[in-house]
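So the structure is just underneath, and the comments pick up after that.
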Amino acid sequence: MDDMTSGLSAEILAECSGFLQQQGPEPGSTTPSNTGDPTLLLSPEMLAECFVFLDLRDLISASHVSRTWRSSALAFPALWSDIPITWPLYDPEAIINMAISRAGQRALDFEYHPFSSHIPGSLVAAVGKQMHRFRTFIWEYDFGSLDFTLPAPLLQKLVCGMHLISLPRDFLGGSVGNLHTLRLGDVRFPRECPALATLTHLLASYPWYLDGDMGFDRIFALCPQLEVLHLRNIQPREVSLPTGPAPRTLRLVKLHADADCDLVQVHKTWGVASPQVRLKMPLTTAYSMSSFLEGALDIAAAFEPHNKARIVANLPDSRRHTLVFYELEEVFQPAVVIAKIFNGMTSATAAQVRSLRLPLSVLGPVLASTARWSRISRLTVDMYEHDAYDTQPYEFGETYRRFRWTTLGCLRLMPQRFPRLSALALALHRKDPKKLPLLDDARELVQYLSVPGNCPLSEVLVHAFPADVVPSLSAENMSHPRIVFDV
């Protein structure tokens with residue numbers, strides 16, 4: 001906090017804040033009754049720094065524990081300037097008015113999540129009176145329930161994701177202010193809107209279910225300082241994308257579409273250049289994505305939690321193209337579908353790539369193709385415990401293990417596909433990310449790779465083993481190829 005002294009270590013503050021959260025109200029007491037209370041040693045300033053760790057709900061409780069705690073909580077208005085109403089309340093406006101009265105003249109950060117379909121008129125009135133003081137405003141409710149034409153000169157961030165939003169011309173008072181971040185749901189943009197002139201981050205969804213002018217083509221004209229543009233529900237129709245020259249400040253574009261939209265082609269036709277572009281779509285999209293990786297120098301693909309996959313391509317001049325896929329569960333053998341993106345790359349594109357990182361389940365189909373990656377010098381392979389995306393059938397008599405070493409058989413094709421490969425790295429991942437591979441896993445890996453013909457390289461680097469295991473692995477390892485274990 002900018003008006004509080006500091007000096008306690010983060011560990012002590014965290015310990016004290018944990019103690020605060022455990023205390024119950026003791027009306028009328030002058031100090032907390034627990035004789036082991038570490039806060040008795042703290043000055044009011046230090047105690048207030050402990051209060052910083054509490055959310056508003058716990059801060060209110062702490063201010064009723066004792067006179068000492070209450071006086072410290074009320075002495076520092078900055079504690080009350082963050083007002084997240086994220087729990088059910090019978091009278092939310094009372095909490096808002098109380099926090100505002102204790103925040104002094106400070107700018108306010110407000111957040112409200114509804115817990116019923118009805119919003120009290122008194123709450124709307126209480127919030128409306130303070131629009132000129134809000135710095136952050138997160139309103140997960142109907143946009144039309146508030147008067148957003150009220151001036152908000154301090155407002156920097158506005159989030160409202162519910163229902164269709166029609167921005168008025170006199171949005172936030174109809175004048176240029178300090179608005180930097182605007183995150184909305186389905187939205188219709190006006191022809192003019194001075195409040196958007198300072199915008200640097202915009203997230204908006206195209207209302208695909210409506211006809212008429214949604215104003216998305218005017219985004220660049222309305223937001224000349226835009227740095228990050230995130231548009232969802234992109235349609236094949238050009239009206240769902242901005243037109244005209246893109247702001248020179250634009251550094252990141254994120255586009256999200258459903259399966260019926262060829263997002264790569266839409267982006268290519270759009271022609272807007274940005275240092276970073278991210279396209280997100282379901283893996284069921286039946287369109288070619290390979291052209292989006294043209295010019296890539298380094299490419300990495302990975303499967304992520306919640307049935308997602310990601311391909312990141314680093315291009316010259318610090319540019320980056322990213323493909324994000326979801327709904328992998330709707331596709332038979334997602335790893336094969338991902339591999340087709342790599343196998344569909346032109347020979348010229350594949351010849352430019354210097355390094356590659358792939359899950360083993362994707363590498364197999366890539367190596368099985370006829371593509372030749374003539375410049376790749378480094379390959380990193382991610383291998384997963386009980387790989388859910390494994391594409392290779394079990395061999396007769398094969399033992400069920402945490403890691404299927406037999407799937408590494410595809411490495412035999414590396415000399416034909418990667419003629420310049422000089423470095424191979426294996427990264428092993430347990431199902432529980434908090435757990436590391438075991439010594440037995442390392443010994444099994446060494447045993448497999450040491451079989452003549454299983455690994456055509458002279459050295460393999462293996463990542464993600466425990467630090468206390470690595471020395472013994474290095475001492476034991478006298479195999480060929482030479483296997484170097486790393487943490």
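Counting in full-length UniProt numbering, the sequence shown runs from 1 upward without gaps. Ideal Cβ positions, reconstructed from N, Cα and C, are used throughout, including at glycine.
Counterpart residues of residue i in DSSP-defined beta bridges
i: residue 467; result: In DSSP, residue 467 forms no bridge with anything.
i: residue 424; result: 379, 460
i: residue 332; result: In DSSP, residue 332 forms no bridge with anything.
i: residue 165; result: 187
i: residue 281; result: 325
i: residue 482; result: 459
i: residue 160; result: 184
i: residue 90; result: BP columns for residue 90 are empty, so no partner.
i: residue 303; result: 309
i: residue 253; result: 229, 277
i: residue 201; result: 181, 228
i: residue 384; result: 429
i: residue 443; result: Residue 443 pairs with nothing; no bridge assigned.
i: residue 320; result: 276, 314
Pairwise C-alpha distance: residue j and residue i
i: residue 380; j: residue 420; result: 14 Å
i: residue 320; j: residue 96; result: 44 Å
i: residue 104; j: residue 153; result: 18 Å
i: residue 336; j: residue 360; result: 11 Å
i: residue 139; j: residue 344; result: 45 Å
i: residue 157; j: residue 84; result: 14 Å
i: residue 212; j: residue 110; result: 34 Å
i: residue 470; j: residue 460; result: 14 Å
i: residue 126; j: residue 93; result: 6 Å
i: residue 243; j: residue 217; result: 5 Å
i: residue 232; j: residue 206; result: 6 Å
i: residue 100; j: residue 59; result: 14 Å
i: residue 64; j: residue 70; result: 6 Å
i: residue 490; j: residue 385; result: The structure shown does not extend to residue 490, since the chain spans only 1 to 487, so no value can be given for it.
i: residue 220; j: residue 281; result: 24 Å
i: residue 313; j: residue 433; result: 25 Å
i: residue 322; j: residue 41; result: 52 Å
i: residue 338; j: residue 390; result: 13 Å
i: residue 72; j: residue 45; result: 7 Å
i: residue 135; j: residue 378; result: 48 Å
i: residue 246; j: residue 262; result: 22 Å
i: residue 147; j: residue 119; result: 14 Å
i: residue 415; j: residue 239; result: 49 Å
i: residue 481; j: residue 358; result: 21 Å
i: residue 112; j: residue 443; result: 55 Å
i: residue 428; j: residue 387; result: 11 Å
i: residue 453; j: residue 353; result: 26 Å
i: residue 183; j: residue 294; result: 31 Å
Three-way DSSP call (helix, strand, coil) for residue i in this model
i: residue 209; result: coil
i: residue 451; result: coil
i: residue 65; result: coil
i: residue 82; result: strand
i: residue 489; result: It is not possible to answer for residue 489, since the shown part of the chain is limited to 1 through 487.
i: residue 57; result: helix
i: residue 267; result: helix
i: residue 293; result: helix
i: residue 404; result: coil
i: residue 315; result: strand
i: residue 70; result: helix
i: residue 412; result: helix
i: residue 248; result: coil
i: residue 34; result: Because residue 34 carries a pLDDT of 49, less than 50, the predicted location of this residue cannot be relied on, and the following value inherits that uncertainty. Reduced to three states, the DSSP call for residue 34 is coil.
i: residue 194; result: helix
i: residue 438; result: coil
i: residue 39; result: helix
i: residue 239; result: helix
i: residue 51; result: helix
i: residue 288; result: coil
Cβ distance (whole Å) where residue i is taken to contact residue j below 8 Å
i: residue 270; j: residue 241; result: 5 Å
i: residue 80; j: residue 57; result: No, residue 80 and residue 57 are not in contact; Cβ-Cβ is about 13 Å, not under 8 Å.
i: residue 309; j: residue 325; result: 5 Å
i: residue 149; j: residue 178; result: Not confirmed; about 17 Å, so no contact.
i: residue 424; j: residue 457; result: 5 Å
i: residue 194; j: residue 174; result: 6 Å
i: residue 188; j: residue 202; result: That belief does not hold up - the Cβ atoms of residue 188 and residue 202 are roughly 14 Å apart, past 8 Å.
i: residue 411; j: residue 455; result: 6 Å
i: residue 155; j: residue 137; result: 6 Å
i: residue 251; j: residue 228; result: 7 Å
Chain C contact for residue i (CB, 8 Å cutoff)
i: residue 155; result: Any reference to chain C falls outside this structure, which holds one protein chain only.
Can you list, in chain order, the stretches of the alpha helix (DSSP H) that have 4 or more residues and sit fully within the segment 103-154?
-> 121-128
Residue ranges of each alpha helix (DSSP H) run of no fewer than 4 residues wholly in the segment 208-237, ordered along the chain?
-> 219-222
Unbroken beta strand (DSSP E) runs of length 3 or more, entirely within the segment 336-382: which are they?
-> 355-359
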